[in-house]
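Following: one structure in structure tokens, then a few remarks.
Set out below in structure tokens:
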């Protein structure tokens, strides 16, 4: 007689019904034989056993930890065992028996903290516990970032996010003033640029802020940055980069522009601006006598 195969032929409700009939008949001996030979235990069966005064037998049965249960019953069964034994005893049982998944998952954060069980906190994604306890080494480098990223930022753990190159969370979820200062201290101007609206309240405040920080080289890489520098007569980088067109359009002092180099770069445009600047001798030297005459 193959009891295991026989049990596969009946439903979970049928199994539970058989066990309940044995309980109602107070046939503890046969009940334990069934439970030890393949029948699945359920919270309902355990509760009835307790109600009949078989508490000692239930404890002994659980301690053996060799019983079967229905997979979809894991969570309910774990919660029942926790309520029956108390959480500390249940935790010890689950750990000793290596019952992971929905068993240990039902253990509270407080219990994990008492036992410093950071491995379980990691397994069950209790990021808030790991963060509050300063166990940042358990935080993944890239996985599940949308879950732990905001938590770290809201708690001001910017260095952890920075070490994982998750700057957007600092900008989007961190306290605005603190996040801005942190990113500026790290020289992360690109992050500030990308999140200017959040960090500065308005994108219009970006260039004045960066200019005040003295990062004109970074600003120079953007059209808006160049425009702001020109408006504020910050011409040095334009001269260094021989950007004569911008300087000419901004009506910068003619002495800042290397007209010979400008002519080599773009003769047509150079002559246009030389005419506007009324550089008669330069125009005559290049053969533009009529322009020199009329300007």
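Residue numbers (the numbering used here): 12 to 306.
In this text, a Cβ means the ideal position worked out from N, Cα and C, and glycines have one as well.
Residue i and residue j closer than 9 Å at C-beta
| i | j | result |
| --- | --- | --- |
| residue 250 | residue 236 | no |
| residue 256 | residue 273 | yes |
| residue 284 | residue 259 | yes |
| residue 34 | residue 59 | yes |
| residue 39 | residue 74 | no |
| residue 121 | residue 136 | no |
| residue 51 | residue 26 | yes |
| residue 253 | residue 269 | yes |
| residue 70 | residue 96 | yes |
| residue 49 | residue 79 | yes |
| residue 119 | residue 98 | yes |
| residue 142 | residue 115 | no |
Close-in-space but distant-in-sequence residues of the same chain around residue i (CB under 6 Å, 5 per side omitted)
| i | result |
| --- | --- |
| residue 165 | 184 |
| residue 133 | 149 |
| residue 101 | 92 and 93 |
| residue 306 | 286 and 289 |
| residue 169 | 181 and 193 |
| residue 175 | 152 |
| residue 147 | 171 |
| residue 29 | none |
| residue 44 | none |
Through-space distance from residue j to residue i, alpha-carbon basis
| i | j | result |
| --- | --- | --- |
| residue 130 | residue 47 | 32 Å |
| residue 207 | residue 264 | 33 Å |
| residue 127 | residue 215 | 48 Å |
| residue 279 | residue 302 | 13 Å |
| residue 242 | residue 262 | 10 Å |
| residue 267 | residue 296 | 19 Å |
| residue 172 | residue 205 | 17 Å |
| residue 139 | residue 65 | 40 Å |
| residue 107 | residue 167 | 37 Å |
| residue 144 | residue 212 | 33 Å |
| residue 117 | residue 63 | 27 Å |
| residue 110 | residue 103 | 10 Å |
| residue 195 | residue 248 | 22 Å |
| residue 291 | residue 232 | 34 Å |
| residue 82 | residue 105 | 16 Å |
| residue 225 | residue 245 | 11 Å |
| residue 304 | residue 220 | 46 Å |
Residues near residue i by beta carbon distance below 7 Å, same chain, minus five either side
| i | result |
| --- | --- |
| residue 210 | 182, 187, 190, 191 and 203 |
| residue 177 | 156 and 160 |
| residue 239 | 218, 222 and 230 |
Cut-off 8 Å between Cβ atoms - residues of its own chain near residue i, not counting five sequence neighbours on either side
| i | result |
| --- | --- |
| residue 31 | 55, 56 and 59 |
| residue 113 | 85, 86 and 89 |
| residue 293 | 270 and 285 |
| residue 282 | 274, 294, 297, 299 and 302 |
| residue 124 | 140 and 144 |
| residue 77 | 47 |
| residue 61 | 69 and 95 |
Residues bridged to residue i [DSSP beta-bridge criterion]
| i | result |
| --- | --- |
| residue 51 | 79 |
Closer than 9 Å to chain B by CB, residue i
| i | result |
| --- | --- |
| residue 222 | No chain B appears in this structure, which consists of one protein chain only. |
Exercise for the section: Count the C-beta pairs between the region 190-207 and the region 162-182 that are closer than 8 Å, then say yes if the count reaches three, no if not. Expected result: Counting C-beta pairs with one atom in each stretch, the region 190-207 and the region 162-182 have three or more that are closer than 8 Å, which means they touch.
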